[in-house]
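Notes for the one structure printed next.
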Amino acid sequence: KRDGAYKGGKQRFDRNRIRALWGEGHGPAGIAKLIGCSRMQVYRILNE
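Residue numbers (this note's numbering): 1337 to 1384.
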């Protein structure tokens, strides 16, 4: 850990795509279905 060996897991979802879909007017539930993640995950990404 001290040497920076642990950097977390790989990203499973394309955050830019989620933001783009949000900008196009898609709702969180619709984005979650398209991406294949939970609605809560969509909210977390949008609030970053």
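We put the CB at the ideal spot given by N, CA and C, even for glycine. The model shown is predicted, which means the values in this text are computed figures rather than measured ones.
Quick check on DSSP: helix, strand or coil for residue i?
i: residue 1355; result: helix
Could you spell out where the alpha helix (DSSP H) holding residue i opens and where it closes?
i: residue 1389; result: A query on residue 1389 cannot be resolved here, the shown segment of the chain reaching from 1337 to 1384 and no further.
i: residue 1377; result: 1375-1382
At the level of alpha carbons, what is the spacing between residue i and residue j?
i: residue 1341; j: residue 1363; result: 37 Å
Looking at residue i and the ligand PLP, is the gap between the Cβ and the nearest heavy atom below 6 Å?
i: residue 1375; result: Among the components of this structure there are no ligands whatsoever, and the ligand PLP is therefore not found.
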